[in-house]
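Engineer:
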Amino acid sequence: MRRHGSFGQASPFRTCIALVLSCLSVPVVAPARPAGDQVQHRFITLGTGSPSGVYYAAGQAICEAVNRAAKRRADRGDRIVTICRAGPSGGSVFNVRQVASGAFTFAIVQANDQRAAVEGIDPQRVKSVPDLRSVLSLQPEILQVVLPRGSDIERVQDLSERHINSGNRGSGTRLLTNELVEAYGASLDEGTMAETFSMELDADALCSGRLDAFVTVSAVPTPSVLDATNRCGARLLPLQGPEIEDWLAGTADLTEIVIPANVYPGIHDPTPSVGVRAGLVTREAVPADVVRDVVAAVFEELPLLRSAHPSLESLQPREMATEGLGAPVHDGAMAYFTERGWR
564 MRRHGSFGQA
574 SPFRTCIALV
584 LSCLSVPVVA
594 PARPAGDQVQ
604 HRFITLGTGS
614 PSGVYYAAGQ
624 AICEAVNRAA
634 KRRADRGDRI
644 VTICRAGPSG
654 GSVFNVRQVA
664 SGAFTFAIVQ
674 ANDQRAAVEG
684 IDPQRVKSVP
694 DLRSVLSLQP
704 EILQVVLPRG
714 SDIERVQDLS
724 ERHINSGNRG
734 SGTRLLTNEL
744 VEAYGASLDE
754 GTMAETFSME
764 LDADALCSGR
774 LDAFVTVSAV
784 PTPSVLDATN
794 RCGARLLPLQ
804 GPEIEDWLAG
814 TADLTEIVIP
824 ANVYPGIHDP
834 TPSVGVRAGL
844 VTREAVPADV
854 VRDVVAAVFE
864 ELPLLRSAHP
874 SLESLQPREM
884 ATEGLGAPVH
894 DGAMAYFTER
904 GWR
């Protein structure tokens, strides 16, 4: 497929990320100097993902929960409270780098990327951050390869040298897509990747013929996939077979998942795929009481988080404390989980 010149232009989404980072760049925990009897605010920042995605919705809800808790504590006379600010970002792998640099105090990161960062598995793709720590887990996310109706792509290896969007450079989606194709003995041509498409534009680009496929790793139903199936009868590429089994055998964080029938219009059969949980992370140096404030606020306001996005509706506290944690659990989070009897 012919490449279009507009793909090389500056992305508004990247500009947005740069502006957000400039606003959120504060020390790991930045205390405001109290005057007299004023309440002291400890500011924290939280990196999310694309503004239309579940990471952003979850991050906004988490910060809202933290800020509600701060108001309650201030009202009852506490002198020190934690205030949270969340903003969009480039996604999972990008968030690892920003947490490591101190630009984000907390961020949402896929479990496989957490493990890669802690263990230094592939530092060229995921920055090595040995002191990265899990705080809690969130929704399971499913790898979905979306094709236009009538596409001649029938196998994973057919994605090679096609014009596809598999997320921002440095995102967890891009990393997983590369691993998927490599599991079939093929590779993606970085020169044919759509660098400037954001999640919001995937369906339009696919249905208008400007993309051969797009890939998303997100909870279902995914808005961009719903849009594509409604607009132009898009379909999903099944992910199954010995190559998938061998790939999953080599990772602790991916698992086989089946997308149920009729989740998307026109897709009447179950679609086999793979998935991974996303979760909230920080660094070991963040004080335990700050992390505990965040964790306690999330569970005190769990209905708020569940209502933030359809994929968060089924979150269960014990699972959030025990499953899909790709990095060691931070002491502040572990203390709260132990108190609640979940660990």
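Residue numbers for the sequence shown follow the numbering used here, so the first one is 564 and each next one is one higher. Positions of the beta carbon are idealized from the N, C-alpha and C atoms, including for glycine.
#1: Which of the three DSSP states, helix, strand or coil, is assigned to Thr885?
#2: Measuring alpha carbon to alpha carbon, tell me which residue in Gly616, Ala633, Val698 and Cys626 is nearest Pro784.
#3: Can you give me the C-alpha to C-alpha distance between Val858 and Val698, rounded to a whole angstrom?
#4: Taking all protein chains shown into account, decide if His831 is buried (16 or more other Cβ within 10 angstroms of its Cβ) or exposed.
#5: Alpha helix (DSSP H) containing Thr645: first to last residue?
#6: Applying the 10 Å Cβ sphere with the 16-neighbour rule, what's the burial state of Gly640?
#7: Taking Ala666 as the reference, which of Thr645, Gly610 and Cys626 has the closest Cα?
#8: Within this structure, are the beta carbons of Thr736 and Val780 separated by less than 7 Å?
#9: Can you find the residues in the same chain that come closer than 7 Å, C-beta to C-beta, to Ala766, ignoring five residues on each side of it along the sequence?
#10: Measure the Cβ-Cβ separation of Ala670 and Val662 and say whether it is below 7 Å.
#11: Tell me, please, whether the region 837 to 855 touches the region 652 to 662 by the rule of three or more beta-carbon pairs shorter than 8 Å.
#12: Would you kindly check if the distance between the Cβ of Ala620 and the Cβ of Leu868 is under 7 Å?
#13: Between the alpha carbons of Gly622 and Pro651, how many angstroms are there, rounded?
#14: Could you give the residue range of the alpha helix (DSSP H) that holds Gly975?
#15: So, at 6 Å on beta carbons, what are the nonlocal neighbours of Thr608 in its own chain, with the 5 sequence-adjacent residues on each side left out?
#16: Would you identify the three-state DSSP class for Ala851, choosing helix, strand or coil?
#17: Find out if the Cβ-Cβ distance for the pair Arg798, Leu710 is shorter than 7 Å.
#18: Using only alpha-carbon positions, find the residue among Arg631, Val826 and Val692 that is nearest to Pro891.
#19: Compare the Cα-Cα distances from Leu769 to each of Tyr747, Leu739 and Ser729 and report the closest residue.
#20: So what does DSSP say about Leu695, is it helix, strand or coil?
#21: In three-state terms, what does DSSP make of Ser664?
#22: With DSSP as the reference, label Glu902 as helix, strand or coil.
#23: Find out if the Cβ-Cβ distance for the pair Pro703, Gly838 is shorter than 7 Å.
#24: Could you check what DSSP says for Glu940 in three-state terms: helix, strand or coil?
#25: DSSP on Ser975, reduced to helix/strand/coil?
#26: Spatial neighbours of Met897 within its chain, please: CB distance less than 7 Å, with the 5 preceding and 5 following residues excluded, ordered by chain position.
Structural biologist: Let me spell this out:
#1: helix
#2: Gly616
#3: 7 Å
#4: exposed
#5: Here Thr645 belongs to no alpha helix (DSSP H); instead the beta strand (DSSP E) covers Ile643 to Gly650.
#6: exposed
#7: Gly610
#8: yes
#9: Ser787, Asp790, Ala791 and Arg794
#10: For Ala670 and Val662, yes; Cβs fall inside 7 Å.
#11: Yes, the region 837 to 855 is in contact with the region 652 to 662.
#12: No, the Cβ-Cβ distance between Leu868 and Ala620 is not below 7 Å.
#13: 9 Å
#14: No answer is possible for residue 975: it lies beyond the span of the chain, which begins at 564 and ends at 906.
#15: Leu587, Arg648, Phe667 and Thr668
#16: Three-state result, Ala851: helix.
#17: yes
#18: Val692
#19: Ser729
#20: strand
#21: helix
#22: helix
#23: yes
#24: For residue 940 there is no data in the structure shown, the boundaries of the chain being 564 and 906.
#25: Lying before the first or after the last residue shown, residue 975 is absent from the chain, which here runs from 564 to 906.
#26: So the qualifying residues of the chain are Arg906.
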